[in-house]
Structures are given as C-alpha cells and as structure tokens.
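**Q** Chain order of the listed sequences is S and B. If you read the first sequence in our numbering, its first letter stands for residue 175, the second for the next number, and so on. If you read the second sequence in our numbering, its first letter stands for residue 175, the second for the next number, and so on. Pasting a structure here, questions to come.
Protein chains: 2
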Amino acid sequence: MYEDLKYWYLRDHKLFRTLSFGQIRQLCIITGFKKAKKGEIIYFSSSDLPRIFLLKKGNIKIVAVDEDGNETIKDIIQKGDLFGELTLEADSQSNEYAKVLSDDVAICSFLMSDFEDLLLRNPSLALSYTKFVGLKMKRIKNSYSNLISKDAKTRLFQFLKDWAEKEGKKIEDKVVIENYLTQNDIAQIICTSRQTATQLLNEMETNGTIIYSRKEIIITDISKL
Amino acid sequence: MYEDLKYWYLRDHKLFRTLSFGQIRQLCIITGFKKAKKGEIIYFSSSDLPRIFLLKKGNIKIVAVDEDGNETIKDIIQKGDLFGELTLEADSQSNEYAKVLSDDVAICSFLMSDFEDLLLRNPSLALSYTKFVGLKMKRIKNSYSNLISKDAKTRLFQFLKDWAEKEGKKIEDKVVIENYLTQNDIAQIICTSRQTATQLLNEMETNGTIIYSRKEIIITDISKL
DNA sequence: ATAGATTTGTCGGCTATGTTACAGTTCCAC
DNA sequence: GTGGAACTGTAACATAGCCGACAAATCTAT
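Structure, rendered in structure tokens:
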C-alpha cells in the first residue's frame, strides 16, 4: 500500500536524502502509515515494538503524564519532524503519548531495529543521525534553560518568537501564525499556569504587540518581541 | 609521550572497549593530555579545533556564562565521563568553560574530526555512540523536568540522592559522599539561590537527615530521601 | 600567627506566580 | 437553534523563594 508515497515521504527528510532507493525501501518494507483526526491520541511508547515516527502532515503534541497524573507538554512536533524513540533505546517506563492538534495528521513510521540495521550499514547516515540527535539535545537544553532562568513574560515572548520563526507567515511587516494551541497549551509549554498565560496574552493585546484569536495570532511587530 | 597510558585510558571507556588496538591508536596519535589543579579553568569551546575530552581523574564543573555575565552550572563531570563537543557540531557561540573542583584532574582529548573518521569506519561504534548521546539527552531531559516541576527542597533531595548513588560510599546504613562542592555550587546546580540552599541544608542537618561539612556529606538514612 | 579571601549563617521585605473560585464566551453536535 | 463542553477572562489571597545586607566561621598564603 502507498509504497511509492512512503518512499517519497522518507526521501523528503533531510536525513534520508543521501540514501539510495534500495536503502529507503529497506525501511519502507515494514513502514507503518497512519492518518488521524484532531483530538485523537496516539500511543507510541509502551505498545508494541519500538518505532520511530515521521510526521508528514499537521501538528501534534507529545504529552507526558507523571505519577500524580499531571500532564506536561514535552514537545510540539511539526510536519517533517521525527519523533518517538529517537535515542534508539526503548524505554518502557516513560508514560508518553501524542495528541493531534491540527485538523488531521499523516504519520509514517518504521521499526527502530530496522533503522539500526540501516545505520550499521551506513556509517555516514549514522553520523548525520548522531548530529541530528545532538542538535535536538542542544535545542532542548536551550529551551529548558530559558524556562528556568527567565520569568513567565520573557518565556512567552521567546515562545512566540520561536513559533513565528518556525511557522509564521510574513505579511508586510506583520507575522501571522495559525493558532492550533489553546491558551492552556501555551501555558503548559512555557510552564506557567493557564491564568498567568491568559493575563500576559491579554496584556500584549492591549499593548498592541499581538492580535490574538483562537484561529490565529498576529504579531504586529516582530522586532519588538 | 605517555603513548601507552593514553591507549589504556581510552580503552578503559565502555564506548571504546570493542575497538582494536589500531583503531584506538588512530585517536591516540593526536590525543592531548593534560593535568590541572583545583580552581583552574579549562576552556574548550571557542579556542582551537573542536575536541572531545575524557576526564580520567577528578571532578570538574561545566560553567556557562550568559550575556549578562550570570554563571550557570551546566554539568558536573566525573571520572570516566566524556565531555566537550559531544554533538559533533562545533558551536562557537556557546560560552562555556570547565573548572576543576577536585584537588587535581587528568584529562585526555582527541580531535572531533578524527573521531568522526573513526565513526565512519566503525558503524557499530557509531551506533553505540548515537545511543550514548541519546542517553545523555534523556538524562538531561529528566533533570530539567525535575528542575521545573518540583520545588527547591525536592530538587535538593533528588540531587543528593543522585549524588549518593553515583559517588557515595555505603558504610553500614549510612552513605558518605566526598564533598567537593560549595553550597553555592549546589545551589547553582539545583537552580536556587545560595541562601535557600544553605537554609535547606541546615534544616536537613537539624532534622538529622544529613551531617554536613565542607569535607563530606553523610546521609544518615538514604531511604528517607 | 595574621590578614585577606572564601564560604556559610540569618533576617526581613518584596515580587512573581500559583491557587481557588466563578463568570462570561465560543464552539460543536444533535 | 439549543444545550453542554471546552475555552477564556478576572479577581483576591497565599507563599516560595529571590534579593540585599551583614556577621560569623573557616580556609589559605605568606
């Protein structure tokens, strides 16, 4: 099913660009493919064999639940991102799942073990992959140290700036972001309470720095953030 | 110089255990070797060619300085740990240095580019290394989410527990840790102010959970942490 | 032994942010 | 279109932990 499609999906990712047709086929053979709609929950750790996923379309959030049942947003995954057992070590105890944010998503996946085989046969891919994981690590470090050392307002600013950079569409000197997050989501991402987030967003709106709605966020002057 | 010694140093690390004599020699040829005393500062990013370091003896802390001149402790490196450009991407803008904590340290290092070559020739090493970096990432994630969601007291407890696990010596039912950190260091690691750390430590001492001195920390009952 | 530097102890005021609580809005399904 | 669910707005109150300030203890070098 979709054999060609999957091929191109993987081919599309910068990590796999250097691979030959045959090599990608190796992954494709066992590749899973899945579509899902807004609000759906996709479990990936625990369940069956450990996999690596590639989000082809839409947005999802990775949510972790701790012992007390508190939910934390671990990551927002966008079109083109890899997620899952990126460390190549299945860890069963982490209690994470993915929730679909956009209207619908398309995900393809392959088995971690197959990927390992591929890496063993392609040292240069292994190297790129290591760098890829390293980059991810660096990003995480960065965002965490932001969370720790800055106050909620700065964190929100930084978050909006990053978001705008990744997904915003520049229209004249404004930046328009499609807003698929609730204020609660935003609050969780910047690690603050929903109320504080609401307050800060409203403050920014009265200041004229942003125009907020459930559909989109318009940043009137990105340089002011 | 020390050719044999360096060989064994590298050989000793679990990552390199599977390598042949020749392969390690490849790294050794350009390996640097260095000793330093307490308080010394070792710059590693910026400076010359990007390197990966292996701490053979002692303890160091990795300190980052941000734009405003604030120091944050990024990591505590112990005997046997690798540090430096582990992501295989030299990044010049990060302003980090290492400071020697224990009385003296021994460090050996090799060039990132040589290591890359080695990885390219050893797919299985590449794979282990990828997993190694992945593990590091997981640890970082973990400790950061601790920092964010728990209060200072819990963080201190967790820190002591981890420290005891890594380096503590069990004597009867007590755990003794050699204390090479100042209270200020501890405060920075658990991301709180020096005063709060002091207060919490004293509180624990009056509670009888620990016995604190500049030389060592004794945890009277590890199970209570 | 002495002086200076570093580390530790303690206090009170201050502020950002979490919490609780409730009301108003928007969205969606039937 | 209507009812219920999910989301957003606002306020009062509590508090953890930061900050400044200073004193006491301990280490280090000469």
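Even glycine gets a Cβ: it sits at the ideal position worked out from N, Cα and C. Fair warning: this is a prediction, and the values are worked out from it, not measured in the lab.
How far does the beta strand (DSSP E) with I250/B in it extend, from its first residue to its last?
**A** I250/B -> beta strand (DSSP E) spans E245 to Q252.
**Q** Let's test the definition: count the other Cβ atoms within 10 Å of the Cβ of F227/B and tell me whether it reaches 16, buried, or not, exposed.
**A** Buried, because 16 or more other Cβ atoms sit within 10 Å of the Cβ of F227/B.
**Q** Quick check: the Cα distance between A280/B and I351/B, rounded to an integer number of angstroms?
**A** Using only the alpha carbons, I get a separation of about 21 Å.
**Q** Threshold first: 3 residues or longer. Then list the beta strand (DSSP E) segments lying entirely within the segment 238-314 of chain S, N to C.
**A** Listed in chain order, they are 245-252, 256-258, 270-274 and 278-285.
**Q** Select from S319/S, F289/S and Y271/S the residue whose C-alpha is nearest the C-alpha of F218/S.
**A** Residue Y271/S is the option with its Cα nearest to F218/S.
**Q** Do the segment 313-322 of chain S and the segment 252-266 of chain S touch if we need at least three Cβ pairs shorter than 8 Å?
**A** Taking 8 Å as the limit for Cβ pairs, the verdict is that the segment 252-266 of chain S does not touch the segment 313-322 of chain S.
**Q** Does Q369/S pass the burial test, meaning 16 or more other C-beta atoms within 10 Å, or should it be called exposed?
**A** It counts as exposed.
**Q** Closest by CA to I360/B, which one among D278/B, N376/B, R191/B and F333/B?
**A** The shortest Cα separation from I360/B among D278/B, N376/B, R191/B and F333/B belongs to F333/B.
**Q** Going by alpha carbons, who is nearest to F257/S out of F195/S, S283/S and D325/S?
**A** The shortest C-alpha separation from F257/S is found at S283/S.
**Q** Can you confirm whether Y271/B, when its beta carbon is compared against all beta carbons of chain S, has any partner nearer than 7 Å?
**A** No - not a single Cβ of chain S is within 7 Å of the one on Y271/B.
**Q** So within the segment 329-358 of chain B, which uninterrupted beta strand (DSSP E) runs reach at least 3 residues, ignoring any that extend past its ends?
**A** Taking only runs of at least 3 residues, the beta strand (DSSP E) segments lying wholly in the segment 329-358 of chain B are 343-345 and 348-352.
**Q** Please state the DSSP three-state secondary structure of E390/S.
**A** Note: E390/S maps to strand in three-state DSSP.
**Q** List the residues of chain S whose Cβ lies closer than 9 Å to the Cβ of K324/B, in chain order.
**A** Going along chain S, no residue has its Cβ under 9 Å from K324/B, so there is no contact; the nearest lies around 10 Å.
**Q** Report yes if the CB atom of G243/B is closer than 7 Å to the CB atom of S276/B, and no otherwise.
**A** Their beta carbons are not under 7 Å apart, which means G243/B does not touch S276/B by this criterion.
**Q** Do you know offhand how far M286/B's Cα is from E214/B's?
**A** Cα-Cα distance, rounded: 24 Å.
**Q** Who are the Cβ neighbours of A300/B in its own chain at under 6 Å, not counting the five residues just before and after it?
**A** Once the five neighbours on either side are set aside, the close Cβ partners of A300/B are L293.
**Q** Can you tell me where the alpha helix (DSSP H) with R368/B in it begins and where it stops?
**A** Note, R368/B: alpha helix (DSSP H), R368 to N381.
**Q** How many Å lie between T132/S and I314/B at the Cα?
**A** Residue 132/S lies beyond the residue range present for chain S, which begins at 175 and ends at 399; the question has no answer from this structure.
**Q** Using Cβ-Cβ distances below 8 Å, what residues of the segment 286-318 of chain S are close to chain B?
**A** Listed by position along the chain: E290, L293, L294, R295, N296, P297, S298, A300, L301, Y303, T304, K305, V307, G308, L309, K310, M311, K312, I314, K315 and Y318.
**Q** Quick test of the definition: if touching needs 3 or more C-beta pairs under 8 Å, does the segment 324-332 of chain B touch the segment 340-351 of chain B?
**A** Segments in contact, no.
**Q** Would you say C282/S reaches chain B, if we count a Cβ-Cβ gap shorter than 7 Å as a contact?
**A** For C282/S, the answer is no, since every Cβ of chain B falls outside 7 Å of its Cβ.
**Q** Would you kindly work out how many angstroms separate the C-alpha atoms of Q197/B and I236/B, rounded to a whole number?
**A** Whole-angstrom Cα-Cα distance: 29 Å.
**Q** Using a threshold of 7 Å, state whether the C-beta atoms of A210/B and V274/B are closer than that.
**A** It is a contact, given that the beta carbons lie within the stated cut-off.
**Q** May I ask you to list the residues that DSSP assigns as paired with G206/S?
**A** BP columns for G206/S point to S283/S.
**Q** Comparing the C-beta of T192/B with each C-beta of chain S, is any distance below 7 Å?
**A** Output row for T192/B: interface = no.
**Q** When you check each C-beta in the segment 363-397 of chain B against every C-beta of chain S, which residues fall closer than 8 Å?
**A** Here the close residues are C365.
**Q** Keeping to the same chain, check which residues put their C-beta closer than 6 Å to that of C365/S; ignore five residues upstream and five downstream.
**A** Closer than 6 Å at the Cβ level, and outside the excluded window around C365/S, lie L321.
**Q** Should E241/S go down as buried or exposed, given a rule of 16 or more other Cβ atoms within 10 Å for buried?
**A** E241/S should be labelled exposed.
**Q** What residues of chain S sit near E263/B, judged by a beta carbon separation below 9 Å?
**A** The contacting residues are K305, G308, L309 and K312.
**Q** May I ask which residues mark the beginning and end of the beta strand (DSSP E) holding I215/B?
**A** Taken as a continuous stretch (DSSP letters only), the beta strand (DSSP E) holding I215/B covers I215 to Y217.
**Q** Taking beta-carbon pairs under 9 Å, can you tell me which members of the segment 238-252 of chain S lie near chain B?
**A** Those would be A238, D240, N244, T246 and K248, in chain order.
**Q** Near I363/S, what residues of its chain come up, given a Cβ to Cβ distance below 8 Å and the 5 sequence neighbours on each side ignored?
**A** Result list for I363/S: I247, I250, F333 and L355, in chain order.
**Q** What residues are listed by DSSP as bridge partners for I198/B?
**A** Its beta-bridge partners do not exist; DSSP assigns none.
**Q** Does any residue of chain B have a CB that is nearer than 7 Å to the CB of L223/S?
**A** Judged by the 7 Å Cβ criterion, L223/S is not in contact with chain B.
**Q** Compare the beta carbon distance of S302/S and L229/S with 7 Å and say whether it is the shorter of the two.
**A** No, Cβ-Cβ distance for S302/S and L229/S is not below 7 Å.
**Q** Taking the C-alpha atoms as reference points, what is the distance between N296/B and P224/B?
**A** For N296/B and P224/B, the distance between alpha carbons rounds to 21 Å.
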